[in-house]
Amino acid sequence: MDELRIVSLKELAEYKERAAEWFHEKWGVPTEAYLECIEAYINDETQNSWFICLDKDKIVAGLGVIDNDFHDRKDLAPNVCAVYTDEDYRGKGIAGRLLDTVVEDMRGKGVSPIYLITDHIGFYEKYGWEFLCMVQGDGESELSRMYIHK
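Numbering (the numbering used here), first residue to last: 220 to 369.
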């Protein structure tokens, strides 16, 4: 665990395929969709960003920023998406570090506020996120919680 480091996929572009596959395994979204978003970031086609946490060379956590995370509020953009930490690495503050990193990265690009949807209550609030409203996820019957970070 001493080797944990958060890196931008722009800085470590050689990890883009591994990262896309890792995110796919966690969320079930097609690998190609992740790869397309990650490559747009690497190629400066978007201000959105992608970060991973490595334990030596193993991806153990990550997140990204996309315009819309599959919900009906297209006006609430951009969205942090695909936040995930492998089970063995939870409770060590990695997700919080990733969230702080992406907030600062986007703020540095002049992008604020940013949004995310989640079903978790109490986690994101610890990192400065505030509940904003309920949104309808694409193809979802239940509403999801939308958070904002200003």
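Think of the CB as a built atom: it goes at the ideal place given N, C-alpha and C, for glycine as much as any other residue.
In this text the structure is predicted, and so the values were computed from the model without any measurement.
Around the C-beta of residue i, are 16 or more other C-beta atoms found within 10 angstroms, so that it is buried, or is it exposed?
i: Phe-350; result: exposed
i: Cys-300; result: buried
i: His-339; result: exposed
i: Met-325; result: buried
Closer than 6 Å by C-beta to residue i: which residues in its own chain qualify, once you throw out the five before and the five after it? Chain order, please.
i: Val-279; result: Cys-272, Asp-305, Tyr-308
i: Thr-337; result: Arg-364
i: Leu-231; result: none
i: Lys-245; result: Tyr-303
i: Trp-241; result: Ile-278
i: Ile-313; result: Cys-272, Ala-280, Thr-304
Does the beta-carbon distance from residue i to residue j come in below 8 Å?
i: Ala-226; j: Phe-270; result: What sits at residue 226 in the sequence shown is Val, not Ala. In this structure, Phe-270 lies closer than 8 Å to Val-226 by Cβ.
i: Val-354; j: Arg-292; result: yes
Pick from the options: whose alpha carbon is nearest that of residue i?
i: Thr-250; options: Cys-256, Ala-239, Ala-232, Gly-281; result: Ala-239
i: Glu-222; options: Leu-231, Glu-233, Glu-264, Lys-275; result: Lys-275
i: Gly-315; options: Trp-348, Leu-231, Lys-328, Met-353; result: Trp-348
i: Leu-282; options: Ser-268, Gly-341, Val-330; result: Ser-268
i: His-243; options: Ile-313, Tyr-303, Phe-342; result: Tyr-303
i: Phe-342; options: Glu-361, Asp-357, Ser-360, Gly-310; result: Gly-310
i: Glu-264; options: Trp-246, Gly-358, Asp-286, Ile-313; result: Asp-286
i: Val-284; options: Ala-252, Glu-359, Leu-362; result: Ala-252
i: Gly-356; options: Arg-224, Asn-298, Gly-312; result: Asn-298
Given residue i, which residues of its chain have a CB within under 7 Å of its CB, disregarding the five upstream and five downstream residues?
i: Tyr-346; result: Gly-315, Leu-318, Asp-319
i: Gln-266; result: Lys-328, Val-330
i: His-368; result: Val-322, Pro-332, Ile-333, Gly-347, Trp-348
i: Cys-352; result: Met-365
i: Leu-295; result: Tyr-334, Met-365
So, at 8 Å on beta carbons, what are the nonlocal neighbours of residue i in its own chain, with the 5 sequence-adjacent residues on each side left out?
i: Lys-235; result: Leu-228, Leu-254, Ile-257, Glu-258, Ile-261
i: Arg-224; result: Cys-272, Leu-273
For a test of your reading of the model: does the CB of residue i fall under 7 Å from any non-hydrogen atom of the ligand MG? Yes or no.
i: Thr-337; result: With respect to the ligand MG, the structure shown offers nothing to examine, as it has no ligands at all.
Going along the chain, which unbroken runs of the alpha helix (DSSP H) with 4 or more residues stay wholly within the region 226-294?
-> 235-246, 250-261
What are the start and end residues of each continuous beta strand (DSSP E) run of 3 or more residues lying completely inside the region 323-368, in chain order?
-> Segments of the beta strand (DSSP E) lying fully in the region 323-368: 333-337, 349-355, 362-368.
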